[in-house]
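Whatever position you read off the sequence shown (first residue = 1), add 91 for the working numbering. No residue lacks a Cβ here, since even glycine has one placed at the ideal position from N, Cα and C. Here the structure is a predicted model, which is why all the values come from computation and not from measurement.
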Amino acid sequence: MKIYNTMSKRKEEFEPLEAGKVKMYVCGPTVYNLIHIGNARPMIVFDTVRRYFEYKGYDVNFVSNFTDVDDKIIKKAIEEGTTAEVISKRYIEECKKDMDAMNIKPATKNPLATEEICGMVDMIRTLIEKGYAYEKNGTVYYRTRKFKDYGKLSHKNLDDLQSGGRTLLVTGEDEKEDPLDFVLWKPKKEGEPAWESPWSEGRPGWHIECSEMSKKYLGEQIDIHAGGEDLIFPHHENEIAQSEAANGKEFARYWMHNGFLNIDNRKMSKSLGNFFTVREISEKYDLQVLRFFMLSAHYRSPLNFSAELMEAAKNGLERILTAADNLKFLAGSASAESMTEEEKDLYGKTQEYADSFERAMDDDFNTADAIAAVFELVKYINTTADGTRTKEYLDSLYGRLQSLTDVLGIIIEKKEEMLDEEIEELIEKRQAARKDKNFALADQIRDELLAKGIILEDTREGVKWKKA
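Pasting the structure below:
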C-alpha cells in the first residue's frame with residue numbers, strides 16, 4: 092500500500108510503527124457553527140482511509156479532536172450573550188448529527204481541547220526547560236529558529252517567511268525575540284474563558300492543543316497525521332516543531348492532506364454567497380450522495396462542487412443501490428438450493444473486481460478508480476443475476492458488493508419500508524386486474540398509486556414498488 096507523504100512529496104510504501112496497527116490523528120473542526128461542506132471533505136476522506144485499513148485487517152486507533160476554545164467560539168458566545176462552553180457543546184452535538192448522516196464512523200476518541208489543558212501546560216513547561224520556548228508578560232512563545240527543521244513539511248524557508256512575513260506575525264510581536272515566534276500560551280482578556288498556568292491565567296495557543304492530544308491518546312510517535320491542505324502551514328508545521336522538540340523523536344511517519352473544495356469553480360466564502368453547510372445540503376440530497384460525490388475525485392485533487400456534479404453523483408449512486416435492491420428482490424423468491432457449478436464459476440469472476448478495487452485503494456487511496464471498479468461489478472451483477480439463480484448465488488453477489496461499498500461508507504442496505512394497508516390492497520387489486528386482463532383498471536390503479544407517491548415496476552419475478 093502506497094501513501095503520498097506531504098513531507099517527502101512522493102508516494103511511499105506504508106509500514107506501520109507496530110505490525111497490524113495504525114495510529115492516526117485527524118484535525119477536527121472548530122465548533123462555533125454548523126459544519127460546512129469544506130469541513131465534510133476531510134471527514135469523509137479520512138473516514139474512508141480508516142475503513143480501508145480496517146478492511147485490510149489493521150486495528151486502527153483513530154483520534155480526531157474538537158477545538159472547543161477559540162476566538163470564533165468566544166465571539167459567537169458574546170454575540171448570543173452566553174458562554175463559550177454552551178456554544179461549543181451545542182455545535183459538537185450538531186456536528187455529530189451531520190457526521191452520522193454522512194456515515195462517518197465514530198472516532199476511537201474525540202478529545203476536547205478544554206479537557207486537556209493540564210497536558211498542554213506540561214508540554215509547554217517541557218519546551219521552556221529545553222530552551223525552545225520563553226515567557227514574556229504572561230505570554231509563552233515558541234522559538235521558531237531554535238528548531239532546525241522548521242519548514243520541512245511546508246517546504247518553506249525561514250528567511251523567506253521573514254521577508255514575506257507581515258501576515259505571519261501574531262499579536263504581541265513587539266515582545267517577541269523573533270517575529271516568526273508563535274504563541275503557546277496567552278493571558279486571558281476580559282470575559283474570556285481561562286485556566287491557571289505558571290505564566291498567567293489564560294488559554295493555550297491553537298497548535299499546542301493537537302500536539303498534546305495526539306501524544307496523550309496515540310503516543311509520542313504516530314503513523315499518520317491528516318487534515319486539509321490549508322493546515323499544512325502554519326498549523327501542522329508548528330505541531331511538528333512543538334512535538335519533536337518536546338518528545339525528542341519524529342512526530343508522524345506519514346502526512347496526508349486533502350485538496351480544497353471549490354463551489355462552481357470559485358473558492359467557498361460567505362461574501363460570495365456560495366457557502367453551504369452540510370445541513371443545507373441535506374435538505375436537497377441524502378448525505379450519502381454528498382459522500383459519494385466527495386469520493387468521486389482523488390482526495391489530493393481540488394474538487395469542484397456544483398448542482399450538476401451532485402446530480403451526476405446521485406445518478407451514479409442510484410445505479411449501485413438499484414443493483415443491490417434488485418439482488419435482494421430476486422433472492423426473496425429464489426430457490427434455496429446450493430450454488431450450481433456454473434454459478435460458482437460466475438461468482439469466482441467477481442474477485443477480479445475486488446482485486447481492481449484494492450489496486451486502486453492501495454495506490455494512495457484512489458477512490459475514483461475504486462468507484463469505477465464498483466461500477467464494473469454492478470454491470471456484471473446486472474448481467475448475471477435473474478430469477479433463475481439460486482439464493483446462495485444472489486446473496487453472495489450482494490455480499491461482494493457490500494464489502495466494497497462498506498469501505499467507501501456507502502450504505503446499500505435499504506431500511507425496510509412498510510406500506511400501509513390501503514396501498515397494499517391497491518397493489519393486490521391491480522395484480523388481480525392484470526390477471527383478469529382488465530388492463531384499463533390496472534392502469535387506473537397504477538396512476539392512483541403514482542399520485543400517492545408509489546412507483547410500480549412489473550418484472551418477470553413479480554411486481555416491485557418504490558417511493559417516488
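DSSP places T230 in the uninterrupted beta strand (DSSP E) bounded by T230 to Y233.
Its chain contains P120, V122 and I126 as the residues whose beta carbon lies nearer than 7 Å to that of C186, once the 5 sequence neighbours on both sides are disregarded; these appear in chain order.
The stretch 237-244 makes no contact with the stretch 354-362, as fewer than three CB pairs between them are under 8 Å.
Counting only residues of its own chain and dropping the five nearest sequence neighbours on each side, N349 has a CB closer than 6 Å to the CB of R132, P133, V136, G319 and Y390. Beta-bridge annotation (DSSP): G293 is paired with P278 and W286. Burial state of C118 is buried, judged by a 10 Å Cβ sphere holding 16 or more other Cβ atoms. Within the model, the alpha-carbon separation for P197 versus D191 is close to 8 Å. Taking all protein chains in view, the Cβ of A451 is crowded by 16 or more other Cβ atoms within 10 Å, so the residue is classified as buried. The continuous alpha helix (DSSP H) containing A398 extends over residues A398 to G423. According to DSSP, residue pairing for L394 in a beta bridge involves L352.
Around the beta-carbon of E104, fewer than 16 other beta-carbon atoms lie within 10 Å, marking it exposed.
Per the DSSP secondary-structure output, S426 pairs in a beta bridge with T481. In terms of Cβ geometry, E335 and E341 form a close pair [threshold 9 Å]. When DSSP assignments are scanned along the stretch 192-237, the uninterrupted stretches of alpha helix (DSSP H) that are 4 or more residues long and fall wholly within it turn out to be 208-220. Of the residues K307, K93, N529 and G129, the one whose Cα lies closest to the Cα of L322 is G129. Three or more Cβ pairs closer than 8 Å define a contact, and the stretch 205-224 falls short of that threshold against the stretch 141-150.
Here T481 is near A425, since their CB atoms are less than 9 Å apart.
DSSP, reduced to helix, strand and coil, places T97 outside both helices and strands of the structure shown, so it counts as coil.
The count of Cβ pairs closer than 8 Å, one atom from the stretch 202-212 and one from the stretch 387-407, stays below three, leaving the stretches out of contact. R294 sits buried, since 16 or more C-beta atoms from the chains shown fall within 10 Å of its C-beta. Per DSSP, E548 is one residue of the beta strand (DSSP E) stretching across I545 to T550. With contact defined as three or more Cβ pairs closer than 8 Å, the stretch 481-496 and the stretch 433-453 are in contact. Taken atom to atom, the span from the alpha-carbon of F367 to that of I165 is near 23 Å. The DSSP-derived three-state label of K239 is coil. A Cβ-Cβ separation of about 15 Å leaves A337 out of contact with H316 under the 8 Å criterion.
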